[in-house]
Amino acid sequence: MFIKALNASASEISLHPIPIGKIINPCSRYSLINSVDFHPQRNLFCITLTHANCVILYQIDKGESHIFQTLSNPASCLSLPQHAAFSPDGTKIVVANWENQTLALYKCEESGLFQEKPAALISSPRCLVHCKPHGIAFSPSGHFLAIAYGAANDHGRAIALFRVRENNLELASVIESIWGIPKGIAFSPDGACLLVSFADTSSLAIFNLEGPEIFPIPRQILHGSETKISRPEDVKISPDGKYCAVSNSDQDTVTFYPFDPTSNQITQPFPCYVHQNPEAEHSFPHGMAFSPDGFYFLVTEFGPIRATPDGNLFWKKETRPQLAKVNLYARF
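The opening position of the sequence shown corresponds to residue -8 in the working numbering, with each subsequent residue numbered one higher.
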């Protein structure tokens, strides 16, 4: 069901179509850059270099980005880090490790740096050991962490909600009987719903939360050719709550949809804006992040890699490291 769009138009997005800056993979070998996330109060963002087993924090100033801190092994206990997210109060970073399926929690020190050694390394709950974590998101209150467990067809799939404790995460709710492979996940601005992208079905669904429980029947599903959703990866809500963005990895686009934060609905079944090539320079867009003030928009780009029909990714050994990057865009 769709309600009338609230005067949605492409001009309201005000996103420059061309990158104002780029962060090139700084490692000597190719690595996927799976995620990016902004600090809620500071001009910092973090990226996960999965195959380099590191998380790099960058400081941004007037469109220029500089390395602020690197979390790396052996101290950081990273195991193909898939997604990293700042807590809403900015005092923690949680990293979902792909290989060993752990969740690593890092705390911020008085200096502003994050402790290199995790304050907690949390094993996957028994019911999720057959799943691989992909997207993660904190609730606006910071009391919950949602995780989309989705990989290829030969892995389990689930959507889980964890309670956030001081040095722990406790499983509160999980749904496993889902029709697609979940990849991206985001809370609605009021924390009452979850938006989840499904790669193999090229769809986006909104789930109600009833206290700490995920209601298993979606309240809304966006699916079909008019949506222009195609092998979606990440989903993010703009800081003002008026739009949601979806990265479409096999179309090299990011599509924007008007979102009503009062009813928690996408208000039209087709995008109000498509961020696309050649201007955007997307190449397998994956993770996304808005800065808290909405001025910057970041997209991680895998480059010329391929996805198999069952959802696995592959690339050549000689793939150049610099083909993995993060594109930085800004408002007009």
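C-beta atoms are modelled at their ideal positions from N, C-alpha and C, and glycine is treated no differently.
Tell me the residue span of the beta strand (DSSP E) that contains residue 292. Here residue 292 refers to the residue found at position 301 of the sequence shown. Counting along the chain, the beta strand (DSSP E) containing residue 292 begins and ends at 287 to 292.
Would you tell me roughly how many angstroms separate the C-alpha atoms of residue 2 and residue 322, rounded to the nearest one? Reading the sequence shown from its first residue, position 11 is the one you call residue 2. Reading the sequence shown from its first residue, position 331 is the one you call residue 322. Here residue 2 scores only 45 on pLDDT, less than 50, and its place in the model is too uncertain to base an answer on.
Which residues does DSSP list as the beta-bridge partners of residue 184? Numbered from 1 along the sequence shown, position 193 holds the residue referred to as residue 184. DSSP output for residue 184 lists 199 as bridge partner(s).
Bridge partners - residue 161, DSSP secondary structure assignment: Reading the sequence shown from its first residue, position 170 is the one you call residue 161. Paired residue(s): 154.
Three or more C-beta pairs under 8 Å: does that hold for the segment 218 to 235 against the segment 143 to 159? no
What does the Cβ neighbour count give for residue 328, buried or exposed, with the cut at 16 atoms within 10 Å? Past the edges of the chain, shown from -8 to 323, lies residue 328, and the structure says nothing about it.
What separation, rounded to the nearest whole angstrom, lies between the Cα atoms of residue 308 and residue 21? As a working note, residue 308 is residue 317 in the sequence shown. As a working note, residue 21 is residue 30 in the sequence shown. Approximately 8 Å, taken between the alpha carbons.
Contact check, residue 315 vs residue 62, beta carbons under 8 Å: The residue labelled residue 315 in the question sits at position 324 within the sequence shown. The residue labelled residue 62 in the question sits at position 71 within the sequence shown. Not in contact: residue 315 and residue 62 (Cβ atoms no closer than 8 Å).
Could you have a look at residue 104 and say whether DSSP puts it in helix, strand or coil? What you label residue 104 is simply residue 113 of the sequence shown in a count that begins at 1. Note: residue 104 maps to coil in three-state DSSP.
According to DSSP, simplified to helix, strand and coil, what is residue 313? Along the sequence shown, one-based indexing puts residue 313 at 322. Helix, per DSSP.
Buried or exposed for residue 224, please, with buried defined as at least 16 other CB atoms from any protein chain shown within 10 angstroms of its CB. Locating residue 224 in the sequence shown gives position 233, counting from the first residue. Buried: at least 16 other Cβ atoms inside 10 Å.
Just to confirm the assignment, what range does the beta strand (DSSP E) spanning residue 176 have? The residue given as residue 176 occupies position 185 in the sequence shown. First-last of the beta strand (DSSP E) with residue 176: 173 to 178.
When you compare only the Cα positions, how much space is there between residue 138 and residue 35? What you label residue 138 is simply residue 147 of the sequence shown in a count that begins at 1. What you label residue 35 is simply residue 44 of the sequence shown in a count that begins at 1. Their Cα atoms are separated by approximately 23 Å.
What span of residues does the alpha helix (DSSP H) with residue 3 cover, start to end? Here residue 3 refers to the residue found at position 12 of the sequence shown. It spans 1 to 4 - the alpha helix (DSSP H) in which residue 3 sits, taken as one unbroken run.
In this structure, how does DSSP classify residue 45 when only helix, strand and coil are distinguished? As a working mapping, residue 45 is identified with position 54 in the sequence shown. Three-state DSSP puts residue 45 in a strand.
Excluding the 5 residues preceding and the 5 following residue 82 in the sequence, name in chain order all residues of the same chain whose CB lies nearer than 6 Å to its CB. In the sequence shown, the residue the question calls residue 82 occupies position 91. Excluding positions up to five away in sequence, the list reads 99.
CB contact flag (residue 140, residue 119, <8 Å): Walking along the sequence shown from the start, residue 140 turns up at place 149. Walking along the sequence shown from the start, residue 119 turns up at place 128. In this structure, residue 119 lies closer than 8 Å to residue 140 by Cβ.
Curious, which full-length beta strand (DSSP E) runs of at least 3 residues does the segment 3 to 83 contain? 12 to 15, 24 to 29, 35 to 40, 45 to 52, 55 to 63, 72 to 77
Take residue 182 and list the residues in its own chain whose beta-carbon comes closer than 8 Å to its own, dropping the five residues that flank it on each side. Numbered from 1 along the sequence shown, position 191 holds the residue referred to as residue 182. Excluding sequence neighbours, residue 182 sits near 130, 131, 132, 135, 200.
Residue 117 by DSSP, collapsed to three states: which one? Against the sequence shown, residue 117 aligns to sequence position 126. If DSSP states are grouped into helix, strand and coil, residue 117 belongs with the helices.
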